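For the sequence shown, our numbering assigns the number 251 to the initial residue and increments by one for each residue that follows. Okay, structure first, notes after.
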Amino acid sequence: MKLYFYILGSDREFNPETRTFEDYAFKVRVEECEVVEKPKTYRAVTRFPKGLYIEYVKKEDIGKIFDSLTPYIVLTAPNYQFVKDKFLERYNVEIHRLKKTIAMYEDKIAVIEDYKEDAKC
251 MKLYFYILGS DREFNPETRT FEDYAFKVRV EECEVVEKPK TYRAVTRFPK
301 GLYIEYVKKE DIGKIFDSLT PYIVLTAPNY QFVKDKFLER YNVEIHRLKK
351 TIAMYEDKIA VIEDYKEDAK C
């Protein structure tokens, strides 16, 4: 049996002239992995894709985003549209949350800047 790993990876190249790292370049890659099916898990015949340090995949976790250093989704059949929708949903929710946090800090800054010293203590 095969599992399909959709991995949201990043790559950063080192520039030896400036001795700095370039900006991150993100990409989604898909890798097939031959697995042995157990009652509750899948185990790799050889090894799981490079960059994923896992020993097995639980059947209940198929189709969920794993938030490790390299986010990934495991499917039993190829389905890029499903993966795209899942990643977009996750990161749009995160952007919305961060925008609310930024707005809160901007409100705090506005209150601090508008503060007039009150001599009545």
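The beta carbon of each residue, even a glycine, is placed where N, CA and C say it ideally should be. Predicted model only: the values in this text are computed from it and were never measured.
Using alpha carbons as the reference points, say which of the options lies closest to residue i.
| i | options | result |
| --- | --- | --- |
| residue 321 | 256, 328, 353 | 256 |
| residue 260 | 252, 267, 275 | 275 |
| residue 311 | 319, 324, 302 | 324 |
| residue 337 | 272, 314, 361, 300 | 314 |
| residue 332 | 364, 290, 359, 278 | 278 |
| residue 295 | 301, 287, 266 | 287 |
| residue 317 | 365, 265, 303, 273 | 303 |
| residue 273 | 346, 267, 262 | 262 |
| residue 293 | 251, 340, 328, 265 | 251 |
Determine, using beta carbons only, whether residue i and residue j come nearer to each other than 8 angstroms.
| i | j | result |
| --- | --- | --- |
| residue 326 | residue 258 | no |
Kindly list the residues whose CB is nearer than 6 angstroms to the CB of residue i, restricted to its own chain and excluding five residues on each side of it in sequence; keep chain order.
| i | result |
| --- | --- |
| residue 269 | none |
| residue 301 | 320 |
| residue 328 | 254 |
Under 7 angstroms Cβ to Cβ from residue i, same chain only, skipping five residues before and after it: list those, please.
| i | result |
| --- | --- |
| residue 290 | 308, 309 |
Spatial neighbours of residue i within its chain, please: C-beta separation below 8 angstroms, excluding the five flanking residues on both sides.
| i | result |
| --- | --- |
| residue 380 | Outside the shown range of the chain, which is 251 to 371, sits residue 380, and nothing can be said about it. |
4 or more residues per run - each alpha helix (DSSP H) lying fully within the stretch 304 to 340: Annotation: the stretch 304 to 340 contains no complete segment of the alpha helix (DSSP H) (minimum length 4 residues).
Below 8 angstroms, can you find three or more Cβ-Cβ pairs linking the stretch 292 to 310 to the stretch 277 to 284? The stretch 292 to 310, when compared against the stretch 277 to 284, does touch it at the 8 angstroms Cβ threshold.
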